[in-house]
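**Q** Mind looking over this structure? Questions follow.
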Ligand code: FES
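Chains as they are written, first to last, in UniProt numbering: chain Z, 1 to 95; chain X, 1 to 497.
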């Protein structure tokens with residue numbers, strides 16, 4: 001699945017984020033939501049009925065992008081800048 | 001002197017901060033984004049070298065506005081969420097009594113805002129609070145709108161403008177708002193693959209534009225920019241469908257195709273949709289005011305469909321019905337960046353005056369004139385691009401999820417109403433079927449619930465009411481609230497400038 005395409009502009013320095021045990025390359029300043037989408041991750045969480053969900057608003061309003069980040073649940077990926085070594089788990093059956 | 005807290009660093013909050021600072025009033029400016037600008041002037045991350053926000057025609061003033069938080073009298077707290085307002089009565093000994101209006105008044109009121117930032121959750125006493133929380137996209141539930149790949153227009157724009165990323169194509173955009181044209185233009189110029197732009201109305205013709213001109217002195221550049229956007233889209237080969245709408249999206253685990261239908265003269269889908277491949281569906285039907293903080297602070301609201309729904313009552317100069325709480329920008333009605341900036345200036349003058357500062361007659365006059373001029377323009381734009389009201393509910397089928405968080409379908413909502421004929425308020429419906437109880441707290445379903453209720457009971461939205469907002473107005477892990485402390489000092493800048 002092709003994801004979001006990074007435009008050809010200078011970005012922050014490269015960082016690595018671990019998502020469900022898998023390394024994902026990103027750049028400082030990118031939101032976690034953007035980095036995941038660029039890595040081709042479409043599914044941020046599953047509802048309790050098993051339906052996939054992904055960011056809708058990218059401004060912190062819809063809570064469709066929530067993940068567990070460094071142990072903190074309910075973290076909105078669209079408001080969270082990536083950090084080197086960040087550990088992310090996707091939420092399953094949250095609602 | 002205690003600082004005045006402004007929640008929202010968009011045009012309204014920034015303009016207000018500048019005025020307060022000019023009157024030597026210290027300001028704490030709070031925003032969930034790491035950098036100031038709001039959604040309209042959303043800036044690229046500070047760590048992207050040389051990246052700068054784009055200021056389209058008519059919005060050149062945004063460039064100066066985003067630098068306001070750098071002034072020494074203003075503390076900017078980025079990446080910080082306002083969770084609520086505490087209104088305490090204080091006795092003569094200076095001890096806080098109960099929150100809220102109960103009990104005899106024995107001392108002054110104490111107003112605090114509860115903020116969650118990089119250094120935890122804290123409550124800060126404040127001289128006054130300006131609610132400049134902006135607006136968010138108007139949700140239009142339709143089959144498939146919960147699929148990954150469906151995004152709101154503001155989201156697509158933020159990805160291009162701030163994150164410098166474009167969504168996968170083919171992209172279909174659907175909606176009614178001029179922002180959709182601007183977003184489409186930005187996407188095309190970034191090399192995105194747009195297959196169709198679907199608008200519920202016709203493009204404004206020369207006759208309408210001509211009729212609008214007297215209302216828009218000073219805004220000609222903005223209208224011209226809109227025209228230029230359309231011209232660029234057509235040149236780039238984007239198909240623009242007018243009097244049509246996307247009626248649904250389909251795909252296994254993400255959007256793969258969308259269905260596009262024409263609208264009949266009543267604004268209803270004609271019933272013969274065609275299917276188009278799409279990896280991304282961008283929705284832009286308009287905006288609704290973000291009023292949760294004002295609701296929680298016990299400001300009175302009224303319903304104004306044309307202005308986006310529930311809006312905060314004020315005295316014409318930003319004073320709400322809650323002592324010490326002021327409002328500016330979209331929470332008073334969705335009217336665009338220009339109107340927000342003008343209202344921010346006026347509300348700040350009210351705060352200065354109420355704190356005992358001097359405001360000249362000329363300052364009042366200029367500020368009021370600014371608000372009037374901006375309002376004239378935004379009314380023209382609102383009328384040109386109003387979404388046909390019948391359309392908002394025409395697209396959801398029985399299975400369509402209306403409340404995305406609690407998985408309440410349109411059918412379940414309807415059966416709740418059918419089974420409980422006595423039910424007459426939005427709050428009652430929420431308690432019974434859980435629509436609005438999830439993490440987004442009704443932001444994306446309250447209007448749908450209200451419309452379903454009003455249709456079933458023959459009520460008006462102001463009779464159906466709205467769901468109350470409680471602290472925290474955005475959900476946080478319980479452990480975070482447990483650390484709530486009172487802090488006399490303003491938070492340090494939470495974001496990267
Ligand atoms: S995408 Fe809506 S809250 Fe993050």
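Yeah, the Cβ is synthetic: ideal placement off N, Cα and C, and Gly gets one too.
These numbers were taken from a predicted model, which means no experiment stands behind them.
Cα separation between residue 60 of chain X and residue 82 of chain X?
**A** 29 Å
**Q** Just the Cα atoms here: how many angstroms apart are residue 271 of chain X and residue 262 of chain X?
**A** 8 Å
**Q** Going along the region 5-23 of chain Z in order, which residues come within less than 8 Å of chain X, judged by CB to CB distance?
**A** 5, 6, 7, 9, 10, 11, 12, 13
**Q** Per DSSP, what kind of secondary structure is residue 364 of chain X in: helix, strand or coil?
**A** helix
**Q** If I follow the unbroken beta strand (DSSP E) through residue 414 of chain X, where does it start and stop?
**A** Element bounds for residue 414 of chain X: not the beta strand (DSSP E) but the alpha helix (DSSP H), 410-419.
**Q** Run the CB neighbour count on residue 20 of chain Z, radius 10 Å, all protein chains shown included, and call it buried at 16 or more, exposed below.
**A** exposed
**Q** Residue 20 of chain X and residue 351 of chain X look like a contact to me (Cβ under 8 Å); what is the Cβ gap, rounded to whole Å?
**A** 7 Å
**Q** Listing by chain order, which chain X residues have their CB less than 8 Å from the CB of residue 53 of chain Z?
**A** Within chain X, the residues near residue 53 of chain Z are 146, 148, 404.
**Q** Is it true that the CB of residue 390 of chain X sits closer than 8 Å to the CB of residue 414 of chain X?
**A** no
**Q** Per the DSSP calculation, residue 76 of chain X is bridged to which residue(s)?
**A** X/29
**Q** Check each residue of the region 25-59 of chain X: if its Cβ is closer than 9 Å to any Cβ of chain B, include it; give the result in chain order.
**A** Protein chains Z and X are contained in the structure displayed, whereas chain B is not.
**Q** Pairing CB atoms from the region 328-338 of chain X with CB atoms from the region 373-385 of chain X, are three or more of them under 8 Å?
**A** yes
**Q** Is any non-hydrogen atom of the ligand FES found closer than 7 Å to the C-beta of residue 266 of chain X, if you look at the structure I gave you?
**A** no
**Q** In chain X, which residues lie less than 7 Å from residue 60 of chain Z when you measure between Cβ atoms?
**A** Within chain X, the residues near residue 60 of chain Z are 32.
**Q** Assign residue 40 of chain Z to one of three DSSP states: helix, strand, or coil.
**A** coil
**Q** If you measure from each residue's Cβ to the nearest non-hydrogen atom of the ligand FES, which ones come out under 7 Å, in chain order?
**A** Cβ-based neighbours of the ligand FES within the cut-off: Z/33, Z/55, Z/56, Z/57, Z/58, Z/59, Z/60, Z/61, Z/62, Z/63, Z/64, Z/65, Z/76, Z/77, Z/78, Z/79, X/155.
**Q** Under 9 Å Cβ-Cβ, which residues of chain X neighbour residue 49 of chain Z?
**A** Within chain X, the residues near residue 49 of chain Z are 407.
**Q** In this structure, does DSSP put residue 259 of chain X in helix, strand or coil?
**A** The answer is strand: DSSP assigns residue 259 of chain X an E or B state.
**Q** For the region 433-453 of chain X, which residues have a CB atom closer than 7 Å to at least one CB atom of chain Z, in sequence order?
**A** 438, 439, 440, 443, 444
**Q** Tell me, please, which residues DSSP counts as bridged to residue 29 of chain Z.
**A** None, per the DSSP bridge assignment.
**Q** Tell me whether residue 479 of chain X is buried or exposed, calling it buried when 16 or more other Cβ atoms sit within 10 Å of its Cβ.
**A** Residue environment: residue 479 of chain X is assigned as exposed (fewer than 16 neighbouring CB atoms within 10 Å of its CB, all protein chains considered).
**Q** Taking DSSP's pairing of strands, which residues face residue 277 of chain X in a bridge?
**A** X/257
**Q** Which of helix, strand or coil does DSSP assign to residue 340 of chain X?
**A** helix
**Q** Pick helix, strand or coil for residue 104 of chain X, following the three-state DSSP scheme.
**A** Caution applies to residue 104 of chain X, whose pLDDT of 49 falls short of 50 and renders its modelled position unreliable; the value that the coordinates give is listed next. In this structure, residue 104 of chain X counts as coil in the three-state DSSP scheme.
**Q** Assuming contact is defined by CB atoms lying nearer than 8 Å, are residue 476 of chain X and residue 331 of chain X in contact in what I supplied?
**A** no
**Q** Quick check: is the beta carbon of residue 131 of chain X nearer than 8 Å to any beta carbon in chain Z?
**A** no
**Q** Which residues in chain X sit within 7 Å of residue 72 of chain Z, going by Cβ to Cβ distance?
**A** Within chain X, the residues near residue 72 of chain Z are 477.
**Q** Taking Cβ-Cβ distances shorter than 7 Å, what residues in chain Z pair up with residue 163 of chain X?
**A** 30, 31, 34
**Q** When the Cα atoms are used, what is the spatial distance from residue 85 of chain X to residue 242 of chain X?
**A** 45 Å
**Q** Please state if the CB of residue 29 of chain Z and the CB of residue 41 of chain X are separated by a distance shorter than 8 Å.
**A** no
**Q** Is it buried or exposed for residue 2 of chain Z, if we count other Cβ within 10 angstroms and need 16 for buried?
**A** exposed
**Q** Along chain Z, in chain order, which residues have C-beta atoms closer than 9 Å to that of residue 79 of chain X?
**A** 79, 80, 81
**Q** Using a threshold of 8 Å, state whether the C-beta atoms of residue 56 of chain X and residue 182 of chain X are closer than that.
**A** Between residue 56 of chain X and residue 182 of chain X, the CB-CB gap stays under 8 Å.
**Q** Quick one: residues in its chain with C-beta nearer than 7 Å to the C-beta of residue 500 of chain X, no 5 flanking neighbours on either side, listed in chain order?
**A** Because chain X here runs from 1 to 497, residue 500 of chain X falls outside it and cannot be looked at.
**Q** The region 119-143 of chain X: which residues have C-beta closer than 7 Å to a C-beta of chain Z, in chain order?
**A** 136, 137
**Q** Roughly how many angstroms lie between the CA atoms of residue 482 of chain X and residue 311 of chain X, to the nearest whole one?
**A** 32 Å
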